[in-house]
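A short write-up of the structure that comes next.
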Amino acid sequence: MAKLPTDIPTIVSQFGPSLHRVPPGGWEQTGEDEKQVKTHCCFCGQQCGIQLRVRNNKVVGFEPWEDFPFNKGKLCPKGVKRYMQDEHPDRLKTPLQRAEGKGYEPLSWDAAMTRVVSEIQRIQSTFGKDAFGILSGASLTNEKAYLMGKFARVAMQTANIDYNGRLCMVSAGAASKKVFGVDRSANPWSDIPKAKVILVAGANVAECAPITTDYLWQARENGAKLIVLDPRMTPIARNADLFIPVRPGGDIGVFHGMMRIMIQRGWIDRAYIDNYTSGFDEYARVVEKYTPEYAAKIAGVPFDLIARAAEMWGPAPSSFLLHARGIEHHSKGVENCIAAIQLVLATGRLGREGCGYAMITGQGNGQGAREQGQKCDQLPGNRDISDPAARKYIAGVWDVPEESIPGKGLSAVPLVEAIHEGKIKGLLSICFNPTVSLPDANYIRAALEELEFYVNIDFFLSETARYADIVLPGSLMEEDEGTTTSVEGRVIRHRKVVTPPGEAREDWKIICEIAARLGKGEKFNYASPRDMFEELRVASKGGVSDYYGMTWERIDAENGIFWPCPEPGHPGTPRLYENKKFNHPDGRAHFYPVDWRPSVEMPDDEYPIILTTGRVVSHFLSGTQTRRIGALLDQYPQPRCEMHPRLAEKLGISDGDFVKVESRRGSVVVRAMIVKTIRPDTVFVPYHWPLGRSANNMTIRAIDPVSNIPEYKICAVKVSKAEAPTDPISQLGVEAGGVR
Amino acid sequence: MSERMFFIDHSRCIGCESCVQACAECDTHRGTSMIHLEVIQRSESVQTTPQVCMHCEDPICARVCPADAIKKTPDGVVQSSLKPRCIGCSNCVMSCPFGVPKYQAAIDQMMKCDMCYDRSSIGKKPMCATVCPSGALTFATMEEIQRTRRGIPINSWKFGGEEVRTKVYVMVPRTIERVDVELVQVTATPAPLPEDPYDVALMLEETI
Amino acid sequence: MAWGLIAAFAVVAAILFGSRGLRDFDPALVSYAGATVFAAFGLGYRYAMWLRRPPTRVYWFRGWEIFFNPKRLPSNIAHLTRIFWNNFFLQRFIERRSRMRWTAHWFLAWGCILAAAVTFPLSFGWVRFETARDSLNVYRAFMFGIPVGSFHLGTPIAELTFNILDISAVMVLIGVFFAMWRRGRDHGAMTVQQFSTDLLPLILLFAISITGLFLTASTHLMNGLHYGFLSQIHAVTVILTLLYLPFGKFFHIFQRPAQLGIDFYKQAGAEGPQAPCIRCGEAYTSRLHVDDLKAVQRALGIHYQMADGSHYQDVCPRCRRKNLALTQDGLWKAMSERGIN
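Chains as they are written, first to last, in the working numbering: chain A, 1 to 740; chain B, 1 to 208; chain C, 1 to 341.
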């Protein structure tokens, strides 16, 4: 049913990706603006403040917002050129339905909605409520994330809702929850420049969270030492005091190797450990195993580097840990994060100025979108869906019987596997492009072909939307209003800048109408996102991420409020754990005796090289937005395979050669980029491109048992020199998956 | 508030090209980026560098201009070539010690960084120095810079026998009084095979 | 100074010769002729001063040398014709900067050229019209005293001849309108424009055109009302503009043709040997250009010789930027290696 309606080049010629390069009215138009609207960047979790310039209900440019405290006007290239997605020729402006052999044809909203609702009802009545799944996104506002969770549980009554934050933040979140009982960065970013040593573990800050760079450099100006763990020498690693080129998946070797020295040398805070934590002894016993030889073997670096890291970190008066996908995208992602955080906890350098840790959220609302109940296992307020008290409270807020709220559903990867196996027949997705972003892309595409009905809500026809039966044109961030929660845990306001073009609608209106047509209108009777916020605020009351005391007015006036903010007038909580109280029943923080174990697929004779994947600075996630912006594409037009000259020499590959990178699951043909800045046993391919250029053709569909995050950062591949590809996909523009 | 000035710290650059993208949004040259962003030698290093016009006190570009087309404003900003005068000879492009002016073949004229004169002349920061996420480009008061940086700002350079003073400052360690420019290469000699099997650090080392 | 006097004398001589010893000279236009002589002095003086600048002199002489090189001359002339059409007649290079700017400039330039082509010969006494002896309806035109044609009143050619200044005035006004429109709306232009260099010339051209049109209006529509006064005002605007010619923005009219010389210079450079950068080894401009630049720099007292005997001019601009960053980064590296922070 859901095979592509026509060939890909035809679809691309109609819906792009195509490149937008010139603002409305042309570059020469430099007159006065009607208004400049203070809002935030739609891209990553840093959520930088930005002002959009408006003329004629069109976004014509940007102006830095220097008064916003997080970024003070700073922006990465994505932020600078983000306004080019407004007035884009690829923009979807009417509902579409698939037309066999032709592609897609417009239809009326009423016809589209009638079809969507009848298919939901048909599938759910034939195969059961859970046979219709929902995939949502972490770039949605808090209000929309809340709405999606409620829509799934109340309007559709399916257990199977999950979101693409599953590919991003869940390992970090789960680890923090296990250790401290709270899923949030412990400190505001303003603590970074005050630390005397900073450990950056698996975070390519310069490319994935560029604004954080200045915080790091500022710390160095203040005399801090910088330690960076990464298999690649990233731009911040170049200037680090210590760069540890750890082997992908070997991070625990470094963390535990450091801790063993720190215990031996007395660089831990015994009093803090005794008074405020539990489980240290079991942890210490595991750490004991990480002798210099063992730690070095696991980490894949000389022990000397680990020792130097311990000498910098151990005795420091203040310290800060930053971690991101590099240690999280593993089948042991949660354990990696726990091991890293324990370096913080054991020194007691937490909950005070210049001391603590943060996880660098990747997606726009990576923090907030995982708190409002659109995860398969959560209800609003970061509540566990299997906790009876939580169910009771939320049932009260929603005014539904507690037993009508479904239980825990499938997370993103298992959900797609259930589609592949025919257990889930129908899918609604919003703000998610899994054919590019999920691992083992060939499998994912095959799964989508199994669906009986698929409705996709998006503003561009993404590579995934090509499989849809109905596509509904939703809204860009600047076409709707609401709040997001930034990397710091700061709740901020996105303002409506322009109205959606053509027949496109605000996402929440689409969802609420489907709910109404499903007969649940009275539960989704919102006049605006503000109504949803008011309900969300109550739903989060008493939960971990408590927004109850917030109002939009206060958020505006105070440039954002940090949760928890449990009652009106509460100033918010920029820094957690100042009182050394942790969110476990015993009030203590917990150590865990995590131990290194191999990744699911280790290199072998047949596939002897490690593939690791990641981002480049000018693109965002699946690229469905940034591959449509000419200036950003020009900056990094197509994926390249980074490899060390020593490896290249062994394989007979020269810089710029086409190479085939191949795993047991799939391959890409891209050009080689031979650089000394990557480990010789590892190659790197960025993942923002689709089809024949998708790094996720190779990655493995293995997930962490606790967080269910996929193992993007390590799989086994072989690399060989290849001919220039000649298939039709390769001849497309690079923005659409071609290669040059 | 005392006057804000432009400070550059090449070593902070992360190569993100925000400056390049933002430069093209400046009204005096909208759609055309004037700033340079160089990748020093990607095969060896991830080092990158931005270069804005340093706005020399006695600009060599203006001195070698046959058409007398390069002018300095009273506040010391060296402007793009005067369009009626510039004859596109590229003398300035080839003579500038910092490699700043750009010859635009399509219009047969030189254009260069003018410190976003539409912005800086009315007290706003230049685009590049507003957005730069690394602080490699900063527009701030002398007092702010001295308070927040470990190095010192200097504006004195020497290229061979030629001493140059600039309006834009560069951040250097405290012992340095002038930047004496000699030719420096990133040498491409392969690192020796390490004795320790895990010593990938040595293999990743860049040598200057 | 000498060149100014020479230019002034040349104009005086041209007037004397062209008007057959002032026999064809129209005394009513003497103030115009006088101002022109003064402008010629100013232009000659300014041009000579300009040529004194070392870079200008090098390229001016080099340009002519290349142009008149016997081997290149035929192709040079062909090339000249081509760029004359594109750059002078159509002014395409301005269109590429901005269409609005081009529209304004094209109307301004051709309005002025047309007007100058009529008024200078008239005020110099090179051209005169008189009624034919046999018919009041026939006008005869003389150039340098030699009859060059005649036409009947009321014919299109007559209308054109009598109204050519009005046409040019309207063209100039269109150009002024577009230029003012642009300068009033374009943020970039508004930032860098200055009254004396960018707005004053437009005001002068506007004044000339509008007072000129008033003269026509006075003659044809108002039976010569205030004609004398208007013609004096018009004369004042023209004379002021003529006096402004050598000093302000209008000097580019005389300077700009140097671009053609640069064109030949670049061509000759491209055909000759190229200069490789001593840092990256890649050619970055012509040997000719680098050698001439070194000469210019010597004349200007710019000392790019390095201590090791190399010359900074031999480093390409890209390598200069890279080298600068490596130098600055190296200062920090040296610092941290010594353990001082």
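Cβ coordinates follow ideal geometry from the N, Cα and C atoms, glycine included. No experiment lies behind these values; they were computed from the predicted model shown.
> Can you give the Cα-Cα distance for leucine 193(B) and methionine 259(A), rounded to whole angstroms?
Replying inline: For leucine 193(B), the predicted model reports a pLDDT of 48, less than 50, meaning its position is unreliable; a value from the coordinates is still stated below. Counting only the Cα atoms, methionine 259(A) lies some 30 Å from leucine 193(B).
> In whole angstroms, what is the alpha-carbon distance linking glutamine 185(B) and asparagine 86(C)?
Replying inline: 44 Å
>> Can you give me the C-alpha to C-alpha distance between phenylalanine 255(A) and tyrosine 290(A), rounded to a whole angstrom?
In response: 9 Å
> What are the start and end residues of each continuous alpha helix (DSSP H) run of 4 or more residues lying completely inside the segment 639-683 of chain A, in chain order?
Replying inline: Taken in chain order, the unbroken stretches of alpha helix (DSSP H) that lie wholly in the segment 639-683 of chain A and span 4 residues or more are 645-651.
>> Please list the terminal residues of the continuous beta strand (DSSP E) segment that includes proline 50(B).
In response: 48-51
>> To the nearest angstrom, how far is the alpha carbon of valine 22(A) from that of alanine 24(B)?
In response: CA-to-CA, the gap between valine 22(A) and alanine 24(B) works out to about 11 Å.
> Can you give the Cα-Cα distance for glutamine 274(C) and valine 739(A), rounded to whole angstroms?
Replying inline: 34 Å
> Is there contact between the segment 363-370 of chain A and the segment 131-143 of chain A, where contact requires at least three CB pairs shorter than 8 Å?
Replying inline: yes
>> glycine 549(A) and proline 568(A) - do their beta-carbons sit closer together than 8 Å?
In response: yes
> Run through DSSP, which three-state label would asparagine 341(C) get?
Replying inline: Reliability of the predicted coordinates at asparagine 341(C) is poor, the pLDDT of 44 falling under 50, and no value is obtained from them.
>> Pop quiz: valine 168(B) and methionine 34(B) are said to be a contact at Cβ under 8 Å. What is the actual Cβ separation, rounded to whole angstroms?
In response: So it is not a contact: roughly 14 Å between Cβ atoms.
>> If I measure Cβ to Cβ from valine 617(A) and keep anything under 8 Å in the same chain, skipping five residues before and after, which residues do I get?
In response: Cys76, Pro77, Lys78, Ala206, Glu207, Cys208, Pro210, Gln635, Tyr636
> Hey, serine 475(A) and aspartate 507(A): beta-carbon distance below 8 Å or not?
Replying inline: Yes, the Cβ-Cβ distance between serine 475(A) and aspartate 507(A) is below 8 Å.
> Where does leucine 199(A) land, buried or exposed, given buried means 16+ other C-beta within 10 angstroms?
Replying inline: buried
> Can you tell me whether histidine 220(C) is buried or exposed, with buried defined as 16 or more other CB within 10 angstroms of its CB?
Replying inline: It is exposed - the Cβ of histidine 220(C) has fewer than 16 other Cβ atoms within 10 Å.
> Taking the C-alpha atoms as reference points, what is the distance between proline 173(B) and isoleucine 154(B)?
Replying inline: 10 Å
> By the criterion of Cβ-Cβ separation under 8 Å, what are the contact partners of glutamate 28(A) in chain F?
Replying inline: The displayed structure is made up of protein chains A, B and C, and chain F is not among them.
> What runs of the beta strand (DSSP E), each 3 residues or longer, lie entirely inside the segment 316-388 of chain A?
Replying inline: 319-323, 356-359
>> Looking only at its chain, what residues have a beta carbon closer than 7 Å to the beta carbon of glycine 489(A), apart from the 5 residues adjacent to it on each side?
In response: Arg184, Ser185, Gln367, Phe562, Trp563
> What residues of chain B sit near tyrosine 312(C), judged by a beta carbon separation below 8 Å?
Replying inline: Pro97, Phe159, Gly160, Glu162, Val181
> Got a sec? Which residues, its chain only, sit under 7 Å from glutamine 731(A) by beta carbon, not counting five neighbours each side?
Replying inline: Gly738
>> Please give me, in chain order, every unbroken run of the alpha helix (DSSP H) with length at least 4 that falls completely inside the segment 11-89 of chain A.
In response: Considered as a whole, the segment 11-89 of chain A harbours 77-81 as its complete alpha helix (DSSP H) runs of no fewer than 4 residues, in chain order.
> Just the Cα atoms here: how many angstroms apart are asparagine 222(A) and valine 497(A)?
Replying inline: The alpha-carbon atoms of asparagine 222(A) and valine 497(A) are separated by roughly 39 Å.
>> My output table needs one value for serine 19(C): the three-state DSSP class, helix, strand or coil.
In response: coil
>> For isoleucine 157(C), which residues in the same chain have their Cβ closer than 8 Å to its Cβ, ignoring the five residues on either side in sequence?
In response: Phe151
>> Against chain B, does glutamine 218(A) count as a neighbour if the rule is that its beta carbon must be under 8 Å from one of theirs?
In response: Taking a beta-carbon distance threshold of 8 Å, glutamine 218(A) counts as an interface residue toward chain B.
> Among all the DSSP beta bridges, which residues are the ones paired with valine 706(A)?
Replying inline: Partner(s): none; valine 706(A) has no beta bridge.
>> For a cutoff of 8 Å on Cβ pairs, would you count glycine 560(A) as touching chain C?
In response: Under the 8 Å criterion on CB atoms, glycine 560(A) is classed as non-interfacial with respect to chain C.
> For isoleucine 8(A), which of helix, strand or coil comes out of DSSP?
Replying inline: helix
> When you compare only the Cα positions, how much space is there between tyrosine 687(A) and arginine 298(C)?
Replying inline: 54 Å
> With a cut-off of 8 Å, does the C-beta of methionine 1(A) fall near any C-beta of chain B?
Replying inline: In this prediction, methionine 1(A) scores a pLDDT of 47, lower than 50, which makes its location untrustworthy; the coordinate-derived value is nonetheless stated afterwards. Answer no: the Cβ-Cβ gap between methionine 1(A) and chain B never drops below 8 Å.
> Mind listing which residues of the segment 67-82 of chain A have their C-beta closer than 7 Å to chain B's C-betas, in chain order?
Replying inline: Gly73, Lys74, Leu75, Cys76, Pro77, Val80, Lys81
>> How far does the alpha helix (DSSP H) with phenylalanine 41(C) in it extend, from its first residue to its last?
In response: 30-52
> Excluding five sequence neighbours on each side, which residues of the same chain lie with their C-beta closer than 7 Å to the C-beta of proline 101(B)?
Replying inline: Cys61, Cys92, Val93, Met110, Lys112
> Under three-state DSSP, which class holds phenylalanine 162(C)?
Replying inline: helix
> Which chain C residues sit within Cβ distance under 9 Å of glycine 149(A)?
Replying inline: Within chain C, no residue comes near glycine 149(A); the closest Cβ sits about 46 Å away, beyond 9 Å.
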